[in-house]
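Start counting the sequence shown at 1; every next residue gets the next number (the UniProt record's numbering). Yeah, the Cβ is synthetic: ideal placement off N, Cα and C, and Gly gets one too.
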Amino acid sequence: MQILILPGYSEHNREWIKEIDARLKTKYDVLIHEWSHWENSSTLFRLKYEINQILNKVRDKEKVNIIAKSVGTRVLMNLIMDKDFLSKINKVIMCGIPTRFENETTRILYKDSLSLLSPSQFLILQNDKDPLAKFSYVNKYIKSINPEFRILKMPRNDHNYPYFDEFLKFL
């Protein structure tokens, strides 16, 4: 089974994806997506470009598990709206959903995309006091989409998500 990793925006997330790769590669084929602006700091984040790159990575895959963090969750919401991509999804783990700077259009995108997933294939890990979105807010919002979705309150007050054992348990 493939695992697609969609990290957070900042380049320091390379360490997080390296750790995921190290922990999961004995059981899974890990597909890491690095954002193009990591290679060229003068490049802005280009959503359509990143989506096309990711779609190319999974084109020949039958099924894929996904771990997405922060902006990676937003990119994932756009990917889910692609029917071919949606048909490849086995399980999804989202970490650190960043609601602090989101607008109504983004909230609708999350709602529309998440409503296409089954609760059995979906898990969210959200730090209790994540500065980009506290657990209480994310929990309320996600449960308004589907009260059956699992969301775990994690005991941290930052935007780091080193929950590799939780990832393995769910996948």
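What's the call for residue i, buried or exposed, on a 16-neighbour Cβ count within 10 Å?
i, result
"Ala22", "exposed"
"Thr73", "buried"
"Lys88", "buried"
"Lys18", "exposed"
"Asn103", "exposed"
"Gln121", "exposed"
"Glu50", "buried"
"Leu47", "exposed"
"Glu7", "It should be noted that the sequence gives Pro, not Glu, for residue 7. By the neighbour-count rule (16 or more Cβ atoms within 10 Å), Pro7 is buried."
"Met77", "buried"
"Met81", "exposed"
"Asn40", "exposed"
"Arg52", "One detail in the question is off: residue 52 reads as Asn in this sequence, not Arg. Exposed, because fewer than 16 other Cβ atoms sit within 10 Å of the Cβ of Asn52."
Check this for me: beta carbons of residue i and residue j, under 8 angstroms apart or not?
i, j, result
"Ser113", "Asn146", "no"
"Pro98", "Ser136", "no"
"Phe164", "Ile66", "no"
"Phe85", "Leu123", "no"
"Phe45", "His37", "yes"
"Leu79", "Ile54", "yes"
"residue 226", "Gln126", "Here the chain has residues from 1 to 171 only, and residue 226 is not among them."
"Asn157", "Lys129", "yes"
"Leu168", "Leu4", "no"
"Lys90", "Met1", "What sits at residue 90 in the sequence shown is Asn, not Lys. Going by C-beta atoms, Asn90 is nearer than 8 angstroms to Met1."
"Phe149", "Lys143", "yes"
If I follow the unbroken alpha helix (DSSP H) through residue i, where does it start and stop?
i, result
"Phe122", "Unbroken run through Phe122 is the beta strand (DSSP E), Phe122 to Asn127; no alpha helix (DSSP H)."
"Phe170", "Phe164 to Phe170"
"Phe135", "Phe135 to Ile145"
"Tyr110", "Glu104 to Leu114"
Would you list the residues sitting across from residue i in a DSSP beta bridge?
i, result
"Met154", "Asn127"
"Leu4", "Leu31 and Ile66"
Exercise for the section: Mind listing, in chain order, the continuous beta strand (DSSP E) runs of no fewer than 3 residues lying wholly within the region 19-98? Expected result: 29-32, 64-69 and 89-95
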